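Chemist:
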Amino acid sequence: MESKKTTYTHRFLARIVLEAKTPLAVGSGDKNIMTDSLIATDVNGLPYIPGTSIAGIIRHAIDETHGKKYSDAFFGFQGGPKDGKGSEIIFSEAKMIGADGGPIDGLRNIDWDNQYYSKYKELPIRQHAKIDHRGVTVKAGKFDEQVVFKGTRFCFEIEMVSDGNNFNLFEDVLNQIQSEAFRIGSGTRCGFGEIEIVSCITKQLDLTKPDDLDFYLSKSSSLSECWNGDKKENKKEESKVWTKYELTLIPEDFFLFSSGFGDEEADITPVKASYIDWKSGRPEIKEDAVLIPATSVKGALAHRVAFHYNRLNKFFVGDENAKVGNENKAVQELFGYENQSEKNQKRGNVIFSDIIESKAGKDKILNHVSIDRFTGGAIDGALFTEKTTFGKGQEFKTIILVKSEVLQKEDKVKESFETALTDICKGMLPLGGGVNRGNGVFTGSITKNGEPLK
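In my numbering, the protein residues as written are 13 to 466.
(1) Taking Ala314 as the reference, give the member of Phe429, Thr200 and Leu419 with the closest Cα.
(2) Apart from the five residues on each side of it in sequence, which residues of its chain come closer than 7 Å, Cβ to Cβ, to Pro62?
(3) According to DSSP, is Pro222 part of a helix, a strand, or is it coil?
(4) Should the region 208-228 be regarded as contacting the region 34-53, the criterion being three or more beta carbon pairs within less than 8 Å?
(5) Enumerated in chain order, which unbroken segments of the alpha helix (DSSP H) with a length of 4 residues or greater are wholly contained in the region 236-273?
(6) Could you spell out the range, first to last residue, of the alpha helix (DSSP H) harbouring Ala314?
(7) Judging by CA-CA distance, which residue of Lys426, Val159 and Ala26 is the nearest neighbour of Glu134?
(8) Between the region 406-415 and the region 249-269, can you find at least three pairs of beta-carbon atoms closer than 8 Å?
(9) Please state whether DSSP places Ile383 in a helix, a strand or coil.
(10) CB Phe267 to CB Asn379, shorter than 8 Å?
(11) Within its chain, find whatever has a CB closer than 6 Å to the CB of Ser308; leave out the 5 residues flanking it on each side and keep chain order.
(12) What's the C-alpha gap between Ile74 and Ile368?
(13) The beta strand (DSSP E) that contains Ser174, what's its start and end?
(14) From Glu14 to Ile70, what does the alpha carbon distance come to, in whole angstroms?
(15) Please report the distance separating the alpha-carbon of Pro305 from that of Gly91.
(16) How long is the line joining the alpha carbons of Gly241 and Met108, rounded to whole angstroms?
(17) Exposed or buried, Pro59, counting other C-beta atoms within 10 Å across all chains shown (16 or more means buried)?
(18) Taking only runs of the alpha helix (DSSP H) that begin and end inside the region 79-116, which ones reach a length of at least 4 residues, in chain order?
(19) Assuming Asn56 and Leu119 are in contact, meaning their beta carbons sit under 8 Å apart, how far apart are those beta carbons, in whole angstroms?
(20) What is the DSSP secondary structure of Ser286, reduced to helix, strand or coil?
(21) For Val453, which residues of its own chain have a beta-carbon under 6 Å away from its beta-carbon, when the five flanking residues on both sides are left out?
(22) Using the DSSP secondary-structure output, state which residues sit across from Lys298 in a beta bridge.
(23) When you compare each of Gly96, Lys298, Lys376 and Glu169 to Ile10 by their alpha carbons, which one comes out closest?
(24) Pull up the CB-CB distance for Pro136 and Ala285, whole angstroms please, since I reckon it's below 8 Å.
(25) How big is the Cα-Cα spacing for Lys291 and Gly79?
(26) Okay, do the region 221-240 and the region 386-405 touch, 3+ Cβ pairs below 8 Å being the bar?
(27) On the CB-based measure, 16 or more other CB atoms within 10 Å of its CB, does Thr459 come out buried or exposed?
(28) Leu303 and Asp366 look like a contact to me (Cβ under 8 Å); what is the Cβ gap, rounded to whole Å?
(29) By DSSP, does Ala342 sit in helix, in strand, or in coil?
(30) Who are the near neighbours of Gly64 in its chain, counting only those whose CB is closer than 8 Å to its CB and skipping five residues on each side?
(31) Just tell me which of Phe204, Glu422, Asp84 and Glu276 has its CA closest to the CA of Glu31.
(32) Would you kindly check if the distance between the Cβ of Asp117 and the Cβ of Lys36 is under 8 Å?
(33) Tell me Ile207's beta-bridge partners as DSSP assigns them.
(34) Could you give the DSSP three-state label for Ala390: helix, strand or coil?
(35) Considering just the uninterrupted stretch of the beta strand (DSSP E) at Phe161, what are its terminal residues?
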């Protein structure tokens with residue numbers, strides 16, 4: 013009986029190392045007494061990224077860029093008994109890069125006393141509070157989540173079965189990963205999930221050739237085993253779907269993004285972050301870096317966008333069209349909204365990135381006392397102190413991506429958003445806490461797709 017020959021005579025392989033440029037939040041779906049959301053960890057207790065997460069993100073990105081029919085050609089689709097199709101592309105899990113620069117795959121004896129690994133025994137927890145249009149916390153709107161340090165590196169592999177004629181499809185997958193809009197995990201609209209490709213090697217195998225077949229059969233499935241291939245140029249792909257704004261912030265003096273806690277010196281302290289630095293070729297831990305949460309920038313922008321949208325459309329006080337918060341049309345279009353019904357929810361169309369940088373700014377403790385408006389004297393027991401960051405002259409840069417189709421609508425949404433960004437750069441929209449006490453005034457500049465915003 014003659015054996016049937018397979019049409020998949022080729023294999024396309026890629027081995028990718030990526031680095032988290034902002035904290036990552038790839039949740040496990042579990043919680044504990046310390047946090048509402050735990051990150052996914054592997055058998056060694058180290059962070060990892062499931063292959064299903066990577067595959068889902070890439071497929072969604074390709075759907076947005078080329079359409080669902082295009083991605084169905086190699087990701088497959090579910091149909092009836094006779095018209096379904098399996099995926100032609102396979103993703104491995106992304107395993108963390110260890111202190112020696114190699115991926116940690118499989119059960120290992122982790123040296124938790126090592127300075128690098130010891131940091132991963134207790135990962136950072138980010139606090140969140142839902143703020144309404146009046147700038148106050150919504151009842152029961154506080155939650156927190158565990159995140160992975162900025163600078164953490166992961167390695168994963170991609171394999172595609174082929175007849176040898178569709179390497180362009182494989183290239184599209186790799187290009188999506190290099191896109192500036194590519195984000196991993198949750199919280200991508202709140203500053204998390206930005207990544208950068210550190211290295212990418214590829215290999216095309218023709219299994220009808222003995223040498224290629226031997227390579228494929230002897231290749232280990234473990235990420236700890238390296239292999240040689242063609243190095244793909246690390247180039248950020250400009251997205252046709254997203255418009256890129258680059259915001260440069262320069263503090264006028266003090267700013268405060270609160271940690272929500274006090275210490276032995278002050279009642280209110282700034283939030284700080286640790287991150288991993290690979291400039292020396294080995295991971296180095298940087299402590300007490302300045303953190304400007306993207307949620308703080310997002311919240312201020314959303315509030316000011318609603319103001320400008322109402323102003324530009326002449327919706328003034330008393331007009332039923334003068335909406336604020338999530339009821340404002342521009343806020344809905346840009347930042348999305350939520351409702352009790354899942355059918356009435358919309359994902360945001362703006363992607364933010366946290367700012368985490370080591371700067372020379374120093375913390376300063378400021379004393380405050382609440383004054384009785386009638387007597388002009390201090391209210392008993394109303395003395396408090398806050399620890400702020402003095403960053404005059406320092407530069408902080410962040411990227412904001414907006415769906416281009418939203419900006420093309422002729423209903424003042426783009427003008428409202430860009431005017432709000434300009435307000436920040438003019439010092440007219442302070443950021444962070446204590447803005448009524450003089451904190452958080454920034455100036456700076458904004459570019460749109462590389463050109464100064466006019």
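Glycine included, each C-beta is placed from N, C-alpha and C at the ideal position.
Predicted model, so just to flag it, every value in this text is computed and none were measured.
Modeler: Straight from the coordinates:
(1) The count along the sequence shown starts at 1 and reaches residue 314 at position 302. Closest by alpha carbon: Phe429.
(2) Here the question's residue 62 lines up with position 50 in the sequence shown. Ala52 and Glu105, listed in sequence order.
(3) On the sequence shown, position 210 is the one that residue 222 refers to. It is helical.
(4) no
(5) none
(6) Taking the sequence shown and counting its residues from 1, the one referred to as residue 314 is at position 302. Element bounds for Ala314: Ala306 to Leu324.
(7) Numbered from 1 along the sequence shown, position 122 holds the residue referred to as residue 134. When only C-alpha atoms are compared, the closest one is Val159.
(8) yes
(9) Counting from 1 along the sequence shown, the entry for residue 383 is found at position 371. Strand at Ile383.
(10) Walking along the sequence shown from the start, residue 267 turns up at place 255. Walking along the sequence shown from the start, residue 379 turns up at place 367. No, these two residues do not count as a Cβ contact at 8 Å.
(11) Looking up residue 308 in the sequence shown gives position 296. For Ser308, where only same-chain residues beyond five positions count, the Cβ hits under 6 Å are Phe269, Leu443 and Gly444.
(12) Working through the sequence shown from its first residue, we reach residue 74 at position 62. Working through the sequence shown from its first residue, we reach residue 368 at position 356. Roughly 30 Å between the two C-alpha positions.
(13) Position 162 of the sequence shown, counting from 1, holds the residue named residue 174. Here the beta strand (DSSP E) through Ser174 covers Arg165 to Ser174.
(14) Here the question's residue 14 lines up with position 2 in the sequence shown. Here the question's residue 70 lines up with position 58 in the sequence shown. Because Glu14 carries a pLDDT of 49, less than 50, the predicted location of this residue cannot be relied on, and no value is offered for it.
(15) One-based indexing of the sequence shown puts residue 305 at position 293. One-based indexing of the sequence shown puts residue 91 at position 79. Distance between the alpha carbons of Pro305 and Gly91 is about 43 Å.
(16) To locate residue 241, count along the sequence shown from 1; it is residue 229. To locate residue 108, count along the sequence shown from 1; it is residue 96. Whole-angstrom Cα-Cα distance: 21 Å.
(17) Position 47 of the sequence shown holds residue 59. By the 10 Å Cβ count, Pro59 comes out buried.
(18) 80-87
(19) Walking along the sequence shown from the start, residue 56 turns up at place 44. Walking along the sequence shown from the start, residue 119 turns up at place 107. Indeed, because the Cβ distance is near 7 Å, the residues count as touching under 8 Å.
(20) Indexing the sequence shown from 1 puts residue 286 at position 274. Correct three-state label for Ser286: strand.
(21) Taking the first residue of the sequence shown as 1, we reach residue 453 at position 441. The answer, listed in chain order, is Glu264, Gly439 and Pro442.
(22) Taking the sequence shown and counting its residues from 1, one reaches residue 298 at position 286. BP columns for Lys298 point to Tyr287.
(23) It is not possible to answer for residue 10, since the shown part of the chain is limited to 13 through 466.
(24) Working through the sequence shown from its first residue, we reach residue 136 at position 124. Working through the sequence shown from its first residue, we reach residue 285 at position 273. With 8 Å as the limit, Pro136 and Ala285 qualify as a contact, their Cβ atoms being about 7 Å apart.
(25) Sequence index remark: in the sequence shown, residue 291 carries index 279 (1-based). Sequence index remark: in the sequence shown, residue 79 carries index 67 (1-based). Whole-angstrom Cα-Cα distance: 39 Å.
(26) no
(27) Mapped onto the sequence shown, residue 459 falls at position 447. So Thr459 counts as exposed.
(28) Reading the sequence shown from its first residue, position 291 is the one you call residue 303. Reading the sequence shown from its first residue, position 354 is the one you call residue 366. Indeed, because the Cβ distance is near 7 Å, the residues count as touching under 8 Å.
(29) Residue mapping note: residue 342 aligns to position 330 of the sequence shown, counting from 1. Ala342: helix per DSSP, three-state reduction.
(30) As a working mapping, residue 64 is identified with position 52 in the sequence shown. Residue identity check: residue 64 is Thr in the sequence provided, not Gly. Taken in chain order, the residues that qualify are Phe103.
(31) Along the sequence shown, one-based indexing puts residue 31 at 19. Residue Phe204 is the option with its Cα nearest to Glu31.
(32) For this step, residue 36 is matched to residue 24 along the sequence shown. For this step, residue 117 is matched to residue 105 along the sequence shown. Residue 36 is actually Leu in this sequence, not Lys. Their beta carbons are not under 8 Å apart, which means Leu36 does not touch Asp117 by this criterion.
(33) In the sequence shown, residue 207 corresponds to position 195, counting from 1. Ile207 is bridged to Ala32.
(34) Taking the first residue of the sequence shown as position 1, residue 390 is located at position 378. It is a strand residue.
(35) Position 149 of the sequence shown, counting from 1, holds the residue named residue 161. Looking at the DSSP string, Phe161 is not in any beta strand (DSSP E), and its letter there is neither H nor E.
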